Amino acid sequence: KTDAVECRIVKLKVREIDVGDNENDDVTVVVKQAPNNGRKVNPKIETLVFKTPTLKVGKTDTAALDIPIVPARNVTLVLEIRGKMTFGSDPVLSTHKLNIETMFVGNTMMKKASDVEIRDDSGCRVVVDVECDDTTKYM
133 KTDAVECRIV KLKVREIDVG DNENDDVTVV VKQAPNNGRK VNPKIETLVF KTPTLKVGKT
193 DTAALDIPIV PARNVTLVLE IRGKMTFGSD PVLSTHKLNI ETMFVGNTMM KKASDVEIRD
253 DSGCRVVVDV ECDDTTKYM
């Protein structure tokens with residue numbers, strides 16, 4: 133009996149980050165996975181996702197990340213934009229939520245969304261590409 137978990141991949145590409153008047157030249161994007169309502173948390177996958185490596189993204193660079201998700205689309209990705217501090221911990225400049233389910237729900241043919249712009253109240257702006265890879269993988 134195997135304890136393999138069905139797993140889908142969401143490819144997230146961060147294309148642009150605008151942190152407004154913040155003087156940080158370098159920002160870091162930390163991606164976390166927040167289960168949507170009613171979804172059981174699978175600790176194995178959750179911990180795996182929370183160990184997702186930090187993205188180092190300049191304001192013009194793009195950074196891509198493959199995120200394992202269970203089940204495929206029923207998840208919200210939380211993007212924390214952090215400034216780079218020489219000392220101490222990096223401050224969170226803004227937090228952006230990307231609900232994969234609402235992006236693709238009812239549209240099973242659609243696998244990719246490009247140039248998705250998400251803003252927060254402070255005026256910080258992130259532009260991402262999101263792609264669902266529905267091939268089932270087992271972890």
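In my numbering, the protein residues as written are 133 to 271.
All C-beta atoms in this analysis are idealised placements derived from N, C-alpha and C, irrespective of residue type, glycine included.
Note that the structure is a prediction, hence the values are computed from the model and not measured.
Following the DSSP letters along the chain, one finds V248 inside the beta strand (DSSP E) bounded by residues K244 to R251.
Residue burial annotation: R214 is buried, with at least 16 other C-beta atoms found within 10 angstroms of its C-beta. With a contact defined as Cβ atoms closer than 8 Å, K216 and D150 miss out at about 16 Å.
Burial check for V224: the Cβ neighbour count within 10 Å stays below 16, so the residue is exposed.
Beta-carbon to beta-carbon, V210 and A166 are separated by about 5 Å, close enough to satisfy the 8 Å threshold. Residue pairing by DSSP places L225 in no beta bridge whatsoever. Residue range V207 to G215 is occupied by the beta strand (DSSP E) that includes V207. The C-beta of T218 has fewer than 16 other C-beta atoms within 10 Å across all chains shown, which makes the residue exposed.
CA-to-CA, the gap between V248 and S221 works out to about 29 Å. Only residues of its own chain outside the window of five on either side were considered, and among them A245 and V262 have a CB closer than 7 Å to the CB of M235, listed in chain order.
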